[in-house]
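Following: one structure in structure tokens, then a few remarks.
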Amino acid sequence: MLTYPYGFARRPPSQIPAVAYFVSLYLSISLYLLRACAAGHLSSSSSILQTKTTERRMIPMSILLKLGKYEIKFKDNPVKVEVLDSEARISSWITERLKPRLLEEGPIIVGLNLHASKNRRRAFLANSLLVICIDDENCLVVQLKYVDKIPEDLLKFLGDSKICFVGDGLDLKLSRGVLPCKTVELSHLVARICQKPSYCNSSLKALATASEVPYESPALGRCCSGGRINYEARVFSKEEVKALVHDAYFCYKIGQKLVNELLCDDTTQGTTQETQERPGNETT
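Per numbering that gives the first Met the number 0, the sequence shown starts with residue 0, numbered consecutively.
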């Protein structure tokens, strides 16, 4: 039997004013939701968002600007890493660190990686750490879990067709999330440049050796218990940050070196051919 709120069950629907009925129904549902929330059965998404942002806003911006900055070393090469969860700071990093590189001539290689602790497709990207390495000295870790909205500057950067994003195992990771960037697997890039199909399934260490890039293995056992990092943590140690940016950093180093050598060879061959074709260089 169809029941109606506030004593309407005994009255035929034709005798109930439509406006009064729907108002009463709305009040009944609202009362039920309030009781359910009070009992702990429901949680509002807006309250979660408010909790997420309140903690960050408790820290004054003047102090927040100094936080999340790390300096690590790979093979005695200093690398500056910033771990950010603020839209304003992410946009500022892109403006200060990245845009000068976009003015340089030639292709731009960027190391990219994603870390996440959840395998569910819907939660994968939202709980991920996005790692970006743009040169020998600058890397960025974006804590997507704590960012209210991905900054427009970051989306434009990821969608820039002039940039070659290189990663290790990114095809599977990106298939579970949505990022507006086209990436190339490092192993595929190295195999094509070196013309060696066997490199297509090689490890990062093997690719570094083939490219003659000094490699340093990640020391996960020394940075965290069980060799696992809690990717949803709010704060990371210097050792954990080094492990987080490891793959993206060496993807950048290997990709940049091989692409530069490829372009250098093309330039050298073009110069040699031009010199040989000059009239004064004809042989008899």
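Note that CB positions come from ideal geometry on N, CA and C, so glycine has one too.
In this structure, I93 and L153 form a Cβ contact; the two beta carbons are roughly 6 Å apart against a cut-off of 8 Å. In the DSSP assignment, T182 falls within the beta strand (DSSP E) that extends over 182–184. The secondary-structure analysis by DSSP pairs Q142 across a beta bridge with L128. A direct Cα-Cα distance of roughly 34 Å separates G105 from E238. Judged by DSSP secondary structure, K155 falls within the alpha helix (DSSP H) whose first and last residues are 151–157. Straight through space, the alpha carbons of Y198 and I133 are spaced by roughly 24 Å.
Under DSSP, the beta-bridge partners assigned to F164 are V109, T182. By the Cβ-count criterion, P150 is buried, with 16 or more other Cβ atoms from all chains shown falling within 10 Å of its own Cβ.
Using a C-beta cut-off of 8 Å, the segment 182–194 makes no contact with the segment 225–235, since fewer than three inter-stretch Cβ pairs fall below that distance.
In the displayed model, Y69 falls within a strand according to three-state DSSP.
A straight-line Cα-Cα distance of about 36 Å links R88 and C263. Sixteen is the threshold: when 16 or more other Cβ atoms of the shown chains lie within 10 Å of the Cβ of E81, as they do, the residue is buried. Within the same chain, and ignoring the five residues on either side of K204 in sequence, the residues whose Cβ sits closer than 8 Å to its Cβ are Y214, S216. Beyond the five residues adjoining it in sequence on each side, I62 comes within less than 7 Å, by CB distance, of no other residue in the same chain. Approximately 6 Å separates the beta-carbon atoms of L243 and V130; this is inside 8 Å, confirming the contact. Straight across, the Cα-Cα distance linking V234 with E70 is about 15 Å. Cβ-Cβ distances below 6 Å link H114 to L128, Y230 in the same chain, with the five nearest sequence neighbours on each side left out; the list follows chain order. By alpha-carbon distance to Y145, the top candidate from S160, K79, N126, K161 is N126. Counting of Cβ neighbours within 10 angstroms places N112 among the buried residues, the total reaching 16 or more. A Cβ-Cβ separation of about 21 Å leaves G166 out of contact with A218 under the 8 Å criterion.
In the three-state DSSP reduction, E215 falls in the coil class, being neither helix nor strand. Under the DSSP assignment, P77 falls in the beta strand (DSSP E) whose first and last residues are 76–83.
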